[in-house]
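Chain order of the listed sequences is F and V. The numbering used here puts the first residue of the first sequence at 1, with every later residue one more than the last. The numbering used here puts the first residue of the second sequence at 1, with every later residue one more than the last. Below is one structure; the comments refer to it alone.
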Amino acid sequence: MSNAGLHLENLELRLRGSLLARLSLRVAPGEVVSLMAASGSGKSSLLAALIGALPPGFTLSGGLRLNGRDLTALPTAARRIGLMFQEDILFDHLSVGENLAFGLPRGGSRATRRAEVAAALADAGLEGFATRDPATLSGGQRARVALLRALLARPEALLLDEPFSRLDAGLRDQIRRFTFARTRAQGLPVILVTHDPADARAAGGPVLDLFGQPVSPT
Amino acid sequence: MTARPALHGGRLLTLAPGLALAVLVLPVLGGLLTSFAPGFGPDGFARLRGWPGLPGAVRLSLVTGLGSTAIALALAALILAMLVDRPAFGVLRRLLSPLLAVPHAAAALGLAFLIAPSGWIVRALSPWATGWKVPPDLLILNDPMGLALMLGLVAKELPFLLLMGLAALPACDAPRRLTVAAALGHGRLQGFAFAVWPPLYARLRLPVLAVLAYAMTTVEMAAILGPSLPPTLSLQVAQWMSDPGLRALPTAAAGAALQFALVLAAMAGWLLAERVGRAALRWRLWGGRRATGLDPAARVLAGVAGFGLAALLLLSLAGLGLWSLAGLWPFPAALPEGIGLQVWRNTAPSLLASLGLTLLIALVSTGAALALVLGCLEAETRRGRRPSASIEALIYLPLLVPQIAMLPGLQMLALAAGFQGHWPAVAAAHLVFVLPYVFLSLAPAWRSMDPRLSLLAASLGAAPGRILWRLRLPLLLAPVLTAAALGLAVSVGQYLPTLLIGGGRVGTLTTEAVALASGGNRRLIGAWGLAQLVLPALGFALALALPRLIFRNRRALLVGGGR
Numbered sequence: 001m002s003n004a005g006l007h008l009e010n011l012e013l014r015l016r017g018s019l020l021a022r023l024s025l026r027v028a029p030g031e032v033v034s035l036m037a038a039s040g041s042g043k044s045s046l047l048a049a050l051i052g053a054l055p056p057g058f059t060l061s062g063g064l065r066l067n068g069r070d071l072t073a074l075p076t077a078a079r080r081i082g083l084m085f086q087e088d089i090l091f092d093h094l095s096v097g098e099n100l101a102f103g104l105p106r107g108g109s110r111a112t113r114r115a116e117v118a119a120a121l122a123d124a125g126l127e128g129f130a131t132r133d134p135a136t137l138s139g140g141q142r143a144r145v146a147l148l149r150a151l152l153a154r155p156e157a158l159l160l161d162e163p164f165s166r167l168d169a170g171l172r173d174q175i176r177r178f179t180f181a182r183t184r185a186q187g188l189p190v191i192l193v194t195h196d197p198a199d200a201r202a203a204g205g206p207v208l209d210l211f212g213q214p215v216s217p218t
Numbered sequence: 001m002t003a004r005p006a007l008h009g010g011r012l013l014t015l016a017p018g019l020a021l022a023v024l025v026l027p028v029l030g031g032l033l034t035s036f037a038p039g040f041g042p043d044g045f046a047r048l049r050g051w052p053g054l055p056g057a058v059r060l061s062l063v064t065g066l067g068s069t070a071i072a073l074a075l076a077a078l079i080l081a082m083l084v085d086r087p088a089f090g091v092l093r094r095l096l097s098p099l100l101a102v103p104h105a106a107a108a109l110g111l112a113f114l115i116a117p118s119g120w121i122v123r124a125l126s127p128w129a130t131g132w133k134v135p136p137d138l139l140i141l142n143d144p145m146g147l148a149l150m151l152g153l154v155a156k157e158l159p160f161l162l163l164m165g166l167a168a169l170p171a172c173d174a175p176r177r178l179t180v181a182a183a184l185g186h187g188r189l190q191g192f193a194f195a196v197w198p199p200l201y202a203r204l205r206l207p208v209l210a211v212l213a214y215a216m217t218t219v220e221m222a223a224i225l226g227p228s229l230p231p232t233l234s235l236q237v238a239q240w241m242s243d244p245g246l247r248a249l250p251t252a253a254a255g256a257a258l259q260f261a262l263v264l265a266a267m268a269g270w271l272l273a274e275r276v277g278r279a280a281l282r283w284r285l286w287g288g289r290r291a292t293g294l295d296p297a298a299r300v301l302a303g304v305a306g307f308g309l310a311a312l313l314l315l316s317l318a319g320l321g322l323w324s325l326a327g328l329w330p331f332p333a334a335l336p337e338g339i340g341l342q343v344w345r346n347t348a349p350s351l352l353a354s355l356g357l358t359l360l361i362a363l364v365s366t367g368a369a370l371a372l373v374l375g376c377l378e379a380e381t382r383r384g385r386r387p388s389a390s391i392e393a394l395i396y397l398p399l400l401v402p403q404i405a406m407l408p409g410l411q412m413l414a415l416a417a418g419f420q421g422h423w424p425a426v427a428a429a430h431l432v433f434v435l436p437y438v439f440l441s442l443a444p445a446w447r448s449m450d451p452r453l454s455l456l457a458a459s460l461g462a463a464p465g466r467i468l469w470r471l472r473l474p475l476l477l478a479p480v481l482t483a484a485a486l487g488l489a490v491s492v493g494q495y496l497p498t499l500l501i502g503g504g505r506v507g508t509l510t511t512e513a514v515a516l517a518s519g520g521n522r523r524l525i526g527a528w529g530l531a532q533l534v535l536p537a538l539g540f541a542l543a544l545a546l547p548r549l550i551f552r553n554r555r556a557l558l559v560g561g562g563r
């Protein structure tokens, strides 16, 4: 059996003793697993737990491996798991290009890094946006910049916390396709939490509840 | 609370904002202009230039002011970055919040007792570790470099900056920004610096500049902890001002003008350094380093600095208390040989008289400030719009203009008008400095109140006055009392306004304690230093207890309401 992908092994999330989630699953590279549950059921806390930012009062047990690496004892900054929130959390005091540079790891000269940021923007239909103020961007443009920032950090997996729910209905589908095309092309295992069946359908992968039972996204 | 008649047609209310602005602006401008005028006579600046201590005094003012502000700000940022979501932070916050109300003079007196060559720290280490059987001949206190003064300033300003930062943090979306930064691989310290600090600092800028202005020009802390030959420029100006025949008035005026220019120059330099810092941050951002290796050391430093300075202040205050009770206490002994109330008993009559006067001045100035602030906020609520940001920034004016630059002028004006030396004049001077703190403390709570409540009350037929007295004020009782307690503490701590406007004849606890400091009777200093804490402590205790008592059957008002 291959080590590639994100493995949750008997992972249990509890809030002061009460069980919120119990999951054993393997997310293969390029696959999107959707977790569907009502709001307030602990979806966001589960994602926080996966990146190693467990909120106070929660406990996590079980194993978590990414491409063969044991993540359970690692701090967030060392896990190499990207994260997209419901809101895009761009840093409004930085330019669009600086927001992306914030994601780009070390390597290459400053000139090549600037070129890499410019190329990523051009590739996403945002050519010449590097010096723009994020506040002047549309919702769809902000969502794309936030995704680019997460991907430029070269994560080995990506977690999406209802990232499309704030977008207009027309835009939502476009950004979904943009996102999943990227994660498939980069072979990233992706976990998407959502309460929107349309998100889960668009993801095209298995759809589960927080206890690993299949849910039909209708 | 009984229902009172509504403020008729809001006539008084429409006056409140203008009145408050007048209190904030006129004394500052009038004071500055009058302060500097005598300096431009024939011999003001010439005599100042002729003073051999001038270069040293100027250097001291710049180094201690800029140095202590930069260190206190850096430590506050470090603690906010590394500890804010840790359990230890709750402890630190509970330790530091009450220390905010400690008057600067009391903190300085306690610190002096602690670090002096014959102080508690040396005693604790002698003779077993140091071998000293008599107090060493070291200039730990009043050192010519001003290090003791800087330590005192850092210890006193850190809690202020930390709590201001903590108040501004929720508006900066810090938790999620830190999570995003960590998920992108950044270390905690660096993630904070890139993602949270710029918007946070933008909200801290005015408080930081106020700290800078105070640190460069403090008179009471410089008198207790600072060097004497030469002293800081502000202390020297205050001494010239206190010269009985006002013979040194032109020199003092020239010195005050120079001090004001120095503060303006330091602020300009500070704002320039901000730009350099921003550029450096951007440069580093494009470099792509993750700096996760800095975090362990940063976390240790933050803990040591935070708890170390809190311990220093607490030990300082404990030292004041112990000295006031001490019987015979020969040098290397760590504790006195006997404990008694002798000193307290002897000094009680004058102490109580001074306590009463201090309370009277504090109540009058705080009451006036509270009335003005409530009037401004109520007028703003009824009008439905806030003053512009630039008008609101004027709140900081009395905190940004050094007292030593404007008070000599106010003193001359008070003298000319025949007010000098009477307590109402002192209370009026306190009002200028109490008003900003009361406003800054109360406005956020007032503005965060759900506007639907008063809309609902109005739809039930309640007049605006009734809504104010029966609805808004009772609901905001806790923040109103907290603002009043803060105002009280600020008034009690005022040194220079009391000294100059009081003409040395209005002896509050703070002026008396600082005056005693040069005498060297430690037991007496301990008692008077500690007495300075009594009124602020009582004020905050009442602000905590009263809402709990009054609303003991109203659970929603108690949860978090008693902060």
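Ideal placement from N, C-alpha and C gives every residue a C-beta, glycine not left out. Please read these numbers as outputs of a predicted model, since none were measured by experiment.
Report back the beta-carbon spacing between residue i and residue j to the nearest angstrom; my notes put them in contact at under 8 Å.
i: residue 406 of chain V; j: residue 32 of chain V; result: 5 Å
i: residue 23 of chain V; j: residue 431 of chain V; result: 6 Å
i: residue 289 of chain V; j: residue 106 of chain F; result: 6 Å
Can you give me the C-alpha to C-alpha distance between residue i and residue j, rounded to a whole angstrom?
i: residue 475 of chain V; j: residue 552 of chain V; result: 13 Å
i: residue 281 of chain V; j: residue 194 of chain V; result: 7 Å
i: residue 414 of chain V; j: residue 157 of chain V; result: 31 Å
i: residue 504 of chain V; j: residue 243 of chain V; result: 11 Å
i: residue 10 of chain F; j: residue 62 of chain F; result: 5 Å
i: residue 321 of chain V; j: residue 307 of chain V; result: 21 Å
i: residue 116 of chain V; j: residue 398 of chain V; result: 33 Å
i: residue 423 of chain V; j: residue 496 of chain V; result: 14 Å
i: residue 524 of chain V; j: residue 136 of chain V; result: 23 Å
i: residue 463 of chain V; j: residue 472 of chain V; result: 12 Å
i: residue 130 of chain V; j: residue 337 of chain V; result: 22 Å
i: residue 564 of chain V; j: residue 20 of chain V; result: A query on residue 564 of chain V cannot be resolved here, the shown segment of chain V reaching from 1 to 563 and no further.
i: residue 342 of chain V; j: residue 229 of chain V; result: 36 Å
i: residue 7 of chain V; j: residue 395 of chain V; result: Reliability of the predicted coordinates at residue 7 of chain V is poor, the pLDDT of 43 falling under 50, and the value obtained from them is presented with this limitation in mind. Residue 7 of chain V and residue 395 of chain V: Cα-Cα distance of roughly 25 Å.
i: residue 152 of chain F; j: residue 39 of chain F; result: 30 Å
i: residue 545 of chain V; j: residue 111 of chain V; result: 30 Å
Mapping DSSP to helix, strand and coil, what is residue i?
i: residue 140 of chain V; result: coil
i: residue 339 of chain V; result: strand
i: residue 7 of chain V; result: Reliability fails at residue 7 of chain V, whose pLDDT of 43 lies under 50, so the model's placement of it is uncertain and the value that follows must be treated cautiously. In the structure shown, residue 7 of chain V sits in coil (DSSP, three-state: anything other than H, G, I, E or B).
i: residue 219 of chain V; result: coil
i: residue 3 of chain F; result: coil
i: residue 204 of chain F; result: coil
i: residue 58 of chain F; result: strand
i: residue 512 of chain V; result: helix
i: residue 10 of chain F; result: strand
i: residue 84 of chain F; result: strand
Please say whether residue j and residue i have beta carbons closer to each other than 8 Å?
i: residue 210 of chain F; j: residue 35 of chain F; result: yes
i: residue 13 of chain V; j: residue 378 of chain V; result: yes
i: residue 358 of chain V; j: residue 251 of chain V; result: no
i: residue 22 of chain F; j: residue 204 of chain F; result: no
i: residue 143 of chain F; j: residue 163 of chain F; result: yes
i: residue 540 of chain V; j: residue 256 of chain V; result: no
i: residue 384 of chain V; j: residue 438 of chain V; result: no
i: residue 41 of chain F; j: residue 55 of chain F; result: no
i: residue 492 of chain V; j: residue 547 of chain V; result: no
i: residue 339 of chain V; j: residue 325 of chain V; result: yes
i: residue 166 of chain F; j: residue 187 of chain F; result: no
i: residue 375 of chain V; j: residue 16 of chain V; result: yes
i: residue 77 of chain F; j: residue 287 of chain V; result: no
i: residue 478 of chain V; j: residue 370 of chain V; result: no
i: residue 27 of chain V; j: residue 260 of chain V; result: no
i: residue 100 of chain F; j: residue 117 of chain F; result: yes
i: residue 501 of chain V; j: residue 360 of chain V; result: no
i: residue 38 of chain V; j: residue 44 of chain V; result: yes
Cβ contact (3+ pairs, closer than 8 Å) linking the segment 142-158 of chain V and the segment 64-75 of chain V: Yes: at least three Cβ pairs fall under 8 Å.
Inter-stretch contact (C-beta, 8 Å, three-pair minimum) for the segment 200-207 of chain V and the segment 49-61 of chain V: No: the two stretches stay apart, fewer than three of their Cβ pairs being nearer than 8 Å.
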